[in-house]
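S.K.: First residue of the sequence shown: 2, per my numbering; consecutive thereafter.
Where is the CB? At the ideal position from N, CA and C, for every residue including glycine.
The structure follows.
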Amino acid sequence: MKRELRKQQVLKRKNFLPTLLITIFLWLFLGGLIYFIDPDTFAAVPLFFVLIFSCLLFTFSLVFADGRRGLVGSVAIAFFFILAYLGVGNILNLLLIVAIAVCIEIYWART
2 MKRELRKQQV LKRKNFLPTL LITIFLWLFL GGLIYFIDPD TFAAVPLFFV LIFSCLLFTF
62 SLVFADGRRG LVGSVAIAFF FILAYLGVGN ILNLLLIVAI AVCIEIYWAR T
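What follows is the structure, encoded as structure tokens:
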């Protein structure tokens, strides 16, 4: 029994190193985008949001050890960043987005 449980845990963690390397690469790429590319450049803003989403997705998936929780967290934060870019990102919207993300996570955890 313990051997099977251990085998399942090892199988779940086998993609840790490639995911960690991809996460580090994405964060470095995002830092390079912020530092070296002018925001007025064509497609810089959409690329920024795609990179923010990807970085947060991989980071949260590693931290929570669950891709679903990583997806919910990264969608919530990326959506708030988009709202902030559009000028409507305030504390009320942040609280509503967090509440929706928590409700989605509770719903998915029970089903």
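Is it the case that the Cβ atoms of Leu-21 and Leu-63 are separated by a distance below 8 angstroms?
M.R.: Taking 8 angstroms as the Cβ cut-off, Leu-21 and Leu-63 qualify as a contacting pair.
S.K.: In three-state DSSP terms, what is Asn-91?
M.R.: Asn-91 falls in the coil class under three-state DSSP.
S.K.: Please go through the same chain and pick out, in chain order, the residues whose beta-carbon is closer than 6 angstroms to the beta-carbon of Trp-28, but skip the five residues on each side of it.
M.R.: Taken in chain order, the residues that qualify are Cys-56.
S.K.: Would you mind reading off the limits of the alpha helix (DSSP H) that contains Ile-35?
M.R.: Looking at the DSSP string, the run of the alpha helix (DSSP H) that includes Ile-35 is 17 to 37.
S.K.: Measuring CA to CA, which of Leu-87, Ala-85, Gly-88, Val-51 is closest to Ser-75?
M.R.: When each option's Cα is compared against that of Ser-75, the closest is Val-51.
S.K.: Which same chain residues end up closer than 6 angstroms to Ala-102 when comparing Cβ atoms and leaving out the 5 residues on each side of it in sequence?
M.R.: Excluding residues within five positions, the ones whose Cβ falls inside 6 angstroms are Val-73, Ala-77.
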